[in-house]
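The sequence shown begins at 0 in numbering that gives the first Met the number 0 and counts up one residue at a time. Here's the structure we're looking at; comments come further down.
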Amino acid sequence: MTRRIDLELAVRWQDRRAHYRDRRIFHGIDPSNIRIGESSLHSQPSLGAAATVAEGMLLGPADARLRIATARSDWPIALGGQRIEPRPGRWFPRLVLAGRQDFSAGDRAPMRVIDADAQTVTVDLNPPLAGLPLAIDATVLSSASSQPAAAAGDLLPQLLANGPGMQAVLAGGAATSPLGEDFARSDEGSDGDFYAAPRFVDHLDATALEHMRILHRRFLAPGMRVLDLMASCNSHLPDDATDIGVSVSGLGMNADELARNPRLAQHVVQDLNANPTLPFAAAEFDTVLCALSVEYLVQPLAVFDEVARVLKPGGIFLASFSERWFPPKAIRLWSELHPFERIGLVLEYFSRSGKFSDLHAESLRGLPRPPDDKYYRMTKLSDPIYAVWGKVPPTASNQSG
């Protein structure tokens, strides 16, 4: 019987703004039949240990011939209920231009807008990571997979498909430059009224929740003071957070949800969209976490500025999110972006604030959804996790403005 393994592949890369690590899990694959581009997995990495298995410009250089001009009039105003605005930096599936430029209605390959005016929209058809040096790491998660058998072969296309690279900054511009109208919401009513009734629910499946706790654990150390920003009944912290002396303060919208949260030593109710000023002293926290909530901020730069103020020099702000939210209260742009473009948007918040350095972003996809999850019939995959973080420089003065 063929032995099968569970394998994590991660692509590491960077642009002038941030360092990236995009991870994908492959289940039930034959280790003797694995390739990563032109490389073979000759020697299987040790269980649990990461090994770099391929490096270099794996997709080759970007091809200038794949940068083409299209007529602005060829672009639809909306598609599938979403507005289509070909703004420089945005990514769209080529099917947006179906019937033009030889694009078909089934062509979901990405193209990026690199320039636009009233008459012409110039797009780049190169793969998102073309022309960039990449490093591929492999980690064997299980040497005897319990998951259904899956085809192996070349795993590089699957690793790089549908996202990695779309969060990159556009040469000479931003990845996604938000405008005022991007922060409009379908429900502009009182946020206090919307969140008045407690919701004791999780927005992730159990597998994703566990990996969210693992993610947060990487940013904790004994004795830390942590702020859970836009908190609810679950801080997504590991079980040992209290044991190692981590003290967690929470700021959220609903007192009952905050009172139910077992990780919080103290909490405060505040609507950051109405008042982004944090009720804490300068340099009060070692780490600030914002889980599954950054999409609701209508004044993100003001909030990021305040987060920098309350962080100690060298402190880290981590914003994490997935693909489920309350649509009425999320900003309009959020639902229009590809998930990896959302990484770029949050990175833009960090970058534009001017208060953070050493920016990083990470994605995790391909984990199995628990069979007892209510969405299991819709998808066998766990909710993906996306994370962006930055550090307040060690010499920061912690003064807002």
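Backbone N, C-alpha and C define an ideal beta-carbon position, used for all residues, glycine too. Quantities reported herein were computed from a predicted structural model and do not represent experimental measurements.
When the Cα of residue i is compared with those of the options, which residue comes out closest?
| i | options | result |
| --- | --- | --- |
| D255 | P163, V391, Y194 | Y194 |
| L214 | G80, H18, Y385, H26 | Y385 |
| G164 | G188, V120, L208, R89 | R89 |
| D190 | T121, K328, L155 | K328 |
| K311 | E335, W333, A281 | A281 |
| P313 | I28, V345, N233, G389 | Per the sequence shown, the amino acid found at residue 313 is Gly instead of Pro. The shortest Cα separation from G313 among I28, V345, N233, G389 belongs to G389. |
| L271 | D242, N253, V302 | V302 |
| N274 | L257, L296, N253 | L296 |
| P278 | L257, P326, R184, E305 | E305 |
| S231 | V225, P197, D238 | P197 |
| G27 | P177, G152, D227 | G152 |
| L226 | S321, L257, R184 | L257 |
| H210 | R376, S319, E54, Q166 | S319 |
| S38 | L358, L155, L94 | L155 |
Note down, in chain order, each residue of its chain lying with its Cβ closer than 6 angstroms to the Cβ of residue i, except the 5 sequence neighbours on either side.
| i | result |
| --- | --- |
| P75 | I83 |
| P299 | Y348 |
| T121 | A68, I113, D114 |
| Q81 | E335 |
| A205 | P369 |
| G400 | In this prediction, G400 has a pLDDT of 46, which is less than 50 and means its spatial position is unreliable; what the coordinates show is noted afterwards. Once the five neighbours on either side are set aside, G400 has no close Cβ partner at all. |
| G407 | Because the chain is modelled from 0 through 400, residue 407 falls outside the range shown and cannot be assessed. |
| E294 | W324, A329, W333 |
| R99 | D73 |
Can you have a look at residue i and say buried or exposed, based on whether 16 or more other CB atoms are within 10 angstroms of its CB?
| i | result |
| --- | --- |
| L8 | buried |
| S248 | buried |
| I67 | exposed |
| T69 | buried |
| R308 | buried |
| Y19 | buried |
| D192 | exposed |
| L344 | buried |
| G79 | exposed |
| I315 | buried |
| P132 | exposed |
| F199 | exposed |
| A183 | exposed |
| R251 | It is Gly, not Arg, that sits at residue 251 in the sequence shown. Looking at its Cβ environment, which holds 16 or more other Cβ atoms inside 10 Å, G251 is buried. |
| S321 | buried |
| G179 | exposed |
| A117 | exposed |
Tell me which residues share the same chain as residue i and place their Cβ nearer than 7 angstroms to its Cβ, disregarding the 5 neighbours each side in the sequence.
| i | result |
| --- | --- |
| M223 | V245, D285, T286 |
| D186 | F193, P327, K328 |
If you drop the 5 nearest sequence neighbours on each side, which residues of the same chain put their C-beta closer than 8 angstroms to that of residue i?
| i | result |
| --- | --- |
| S45 | V139 |
| R2 | D29, P30, S142, A143 |
| I243 | L219, A220, P221, G222 |
With a cut-off of 8 angstroms on the beta carbons, I'd call residue i and residue j a contact; round off their distance for me.
| i | j | result |
| --- | --- | --- |
| H235 | R212 | 6 angstroms |
| A129 | A61 | 4 angstroms |
| S362 | P393 | Wrong, their Cβ atoms sit about 28 angstroms apart, outside the cutoff. |
| D201 | N233 | 6 angstroms |
| L57 | P126 | Not quite, the Cβ-Cβ distance comes to about 10 angstroms (not below 8 angstroms), so this is no contact. |
| L428 | A360 | It is not possible to answer for residue 428, since the shown part of the chain is limited to 0 through 400. |
| D106 | P92 | 7 angstroms |
| V168 | R15 | 6 angstroms |
Exercise for review: Kindly confirm or deny that the segment 108-116 and the segment 21-40 touch, where touching means at least three C-beta pairs closer than 8 angstroms.
Suggested key: no
**Study point:** the segment 371-379 contacting the segment 277-294, beta-carbon criterion three pairs below 8 angstroms
**Key:** no
**Study point:** Contact between the segment 260-279 and the segment 349-357 (3+ Cβ pairs under 8 angstroms)
**Key:** no
Check your understanding: Can at least three beta-carbon pairs, one atom from the segment 120-138 and one from the segment 47-65, be found at a separation below 8 angstroms?
Key -> yes
Check your understanding: Can at least three beta-carbon pairs, one atom from the segment 338-345 and one from the segment 204-218, be found at a separation below 8 angstroms?
Key -> no
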